[in-house]
Structures are given as C-alpha cells and as structure tokens.
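Participant:
Numbering (UniProt numbering), first residue to last: 1 to 221.
1) Quick check on the DSSP output: the beta strand (DSSP E) that includes residue 9 runs from which residue to which?
2) Nearest CA to the CA of residue 180: which residue from 171, 173 and 165?
3) Residue range of the beta strand (DSSP E) that residue 114 falls in?
4) Report the residue from 157, 140, 159 and 161 whose alpha carbon sits nearest the alpha carbon of residue 151.
5) For the beta strand (DSSP E) that residue 209 lies in, which residues bound it at each end?
6) Should residue 144 be labelled buried (16 or more other beta-carbon atoms within 10 Å of its own) or exposed?
7) Looking only at its own chain, which residues have a Cβ that is under 7 Å from the Cβ of residue 205, when we skip the five neighbours before and after it?
8) By how many angstroms is the C-alpha of residue 108 removed from the C-alpha of residue 157?
9) Going by DSSP, name the residue or residues bridged to residue 109.
10) Return the CA-CA distance between residue 202 and residue 214, expressed in angstroms with no decimal places.
11) Return helix, strand or coil for residue 145, following the three-state DSSP convention.
12) Per DSSP, which one or two residues make a beta bridge with residue 136?
13) Am I right that residue 99 and residue 117 are in contact with their C-beta atoms under 8 Å? What's the rounded C-beta distance?
14) Closest to residue 154 by CA distance: which of 146, 160 and 161 is it?
15) For residue 60, which residues in the same chain have their Cβ closer than 6 Å to its Cβ, ignoring the five residues on either side in sequence?
16) Under three-state DSSP, which class holds residue 53?
17) Report all residues from its chain with a CB closer than 6 Å to the CB of residue 199; omit the five preceding and five following residues, and keep chain order.
18) Would DSSP call residue 187 helix, strand or coil?
19) Look up residue 193 in the DSSP assignment and give the residues it is bridged to.
20) Just verifying my parser: in three-state terms, what is the DSSP assignment at residue 162?
21) Could you tell me the distance, in whole angstroms, from the CA atom of residue 122 to the CA atom of residue 130?
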C-alpha cells in the first residue's frame, strides 16, 4: 500500500465512509478506490483534490508541524456520523414521552424545516433546557477547515450570550454565519473562518450578535 493510498484508507475509515460512498462522491468506480488504496492506481491532481474535498482533509501533504497541531484550531463541537437504521416500534414505545422533537432551521430561522428526535434527560437535551436547543442546517463551506460543511446539521444551544471560546452561530453586518469566536479582551472578539485557510477578523463585541452556540455536529454524507 502506498503512503497516499494508506492515508486515503485511514481518513475514509475515520469519517465512516465506505469504498462505494467515496467512489460515488468522487465519480469513479468502487474498484478504482480499492486499487488506489492498495497502491495499484496513481491519482491525478484533479482526483486528489476531489478526494480531499470528500474526506474534508487535504491528502498527499506532508505537514511538518503535525505532531504539534501547528496553527490548526480544534473544532469545539463533537463530530458524530449519522447511521441510518430502521426505527423499531418497541424502541418508540420504550421512549414514549422522553423524546424531544428538536426543530431544524436554516439561517433565516423563520420556520422549522423538520424535526429530529432527541432523548430528554432530567428535562434537558444534551445538558441544555429542551426548549433552548435546535438544529442548524449549515448553508456554506466557510468552516470547511473545521470539518463543518454545507449540508451538515449542527445541534445548537440558543443563547445571546458569549459563554467561552467556541464555534457560534452569529449575525455580523446583517449576515448570519457560523464562526469560531474567541474573546480578545473586554471589548473585542477574534472572529475566525476557514475554507481551507484561516481568515481572522477582529471585531468589537457590540458588532457581533450571538444567536447560538454549536454543541455537536452531524456530518451528512
């Protein structure tokens, strides 16, 4: 197995993607992906870029600072993989009355797109009041460098207060976006986006309207 093939195999398994799923996204056959991972096929630059995008991490790059995690802020939300399974009636019966219908919104938040069932524990969902959580459908790739891409769904805590450094749903200059927010001092925020390279902006806190904090991300394949 070549170094590149081994890297693709490792990253594919990390995100829980099958050979067939990766092949479909990239536009090649399942057998081709298997041959690439075994070192039998050599990738063109175009396919390297497509696979990097599909796995949400640049492949074929030697990072001299990998051990030190140099200049790579870690995303705050926990990332989980969605596994579609048939819902059993007995499961529904057992959890009747202890599941919250959490709404899913787009950035406008004018109406729910649908709902997702979440368990209620001590009248809370993921440790937050059940009426203060919602899912946000990510509308762009501004945070792709943090493995948060268009079409993914993030569980959020509805709040207008900055709690601590993390990834937030905010409104800046009448535009709603997902950004990493860090407090610099009593009056300023460092606002970070990452489409593959970090872009940082310093803004006054009064110019950043906090709408919610991201709790957990569900990557949708």
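Virtual Cβ for every residue (Gly too), placed ideally from N, Cα, C.
Facilitator: Well, looking at it:
1) As a working mapping, residue 9 is identified with position 9 in the chain shown. Residue 9 -> not in any beta strand (DSSP E); alpha helix (DSSP H) instead, spanning 3 to 14.
2) For the purposes of this step, residue 180 is taken as the residue at position 180 of the chain shown. Of the listed residues, the one whose Cα sits closest to residue 180 is 165.
3) If you number the chain shown from 1, residue 114 lands on position 114. Here the beta strand (DSSP E) through residue 114 covers 114 to 119.
4) Taking the first residue of the chain shown as position 1, residue 151 is located at position 151. Nearest option by C-alpha distance: 140.
5) Mapped onto the chain shown, residue 209 falls at position 209. First-last of the beta strand (DSSP E) with residue 209: 208 to 219.
6) Here the question's residue 144 lines up with position 144 in the chain shown. Its Cβ being crowded by 16 or more others within 10 Å, residue 144 is buried.
7) Start at 1 with the first residue of the chain shown, and residue 205 comes out as number 205. Once the five neighbours on either side are set aside, the close Cβ partners of residue 205 are 187, 188 and 189.
8) Numbered from its first residue, the chain shown carries residue 157 at position 157. Numbered from its first residue, the chain shown carries residue 108 at position 108. Spanning the two alpha carbons is a distance of roughly 16 Å.
9) As a position in the chain shown, residue 109 is number 109, starting the count at 1. Partner(s): none; residue 109 has no beta bridge.
10) Sequence index remark: in the chain shown, residue 202 carries index 202 (1-based). Sequence index remark: in the chain shown, residue 214 carries index 214 (1-based). Taking the straight line joining both Cα atoms gives about 21 Å.
11) As a first step, residue 145 is located in the chain shown; it is residue number 145 there, counting from the start. Helix.
12) By 1-based counting over the chain shown, the position of residue 136 is 136. 105 and 154.
13) In the chain shown, residue 99 corresponds to position 99, counting from 1. In the chain shown, residue 117 corresponds to position 117, counting from 1. Their Cβ separation, rounded to whole angstroms, is 5 Å, which keeps residue 99 and residue 117 in contact under 8 Å.
14) Within the chain shown, the letter at position 154 stands for residue 154. Measuring from the Cα of residue 154, the nearest candidate turns out to be 146.
15) Walking along the chain shown from the start, residue 60 turns up at place 60. So the qualifying residues of the chain are 4 and 48.
16) Indexing the chain shown from 1 puts residue 53 at position 53. Three-state DSSP puts residue 53 in a helix.
17) Translated into positions along the chain shown, residue 199 becomes position 199. Counting only Cβ-Cβ distances below 6 Å, and skipping sequence neighbours, we find 193.
18) Here residue 187 corresponds to residue number 187 of the chain shown, with the count starting at 1. Looking at residue 187 - three-state DSSP - the assignment turns out to be coil, as it is neither helix nor strand.
19) Position 193 of the chain shown holds residue 193. According to DSSP, residue 193 bridges with 199.
20) On the chain shown, residue 162 is found 162 positions in, with the first residue counted as 1. In the structure shown, residue 162 sits in coil (DSSP, three-state: anything other than H, G, I, E or B).
21) Along the chain shown, read from residue 1 onward, the residue named residue 122 stands at position 122. Along the chain shown, read from residue 1 onward, the residue named residue 130 stands at position 130. So the alpha carbons of these two residues sit roughly 10 Å apart.
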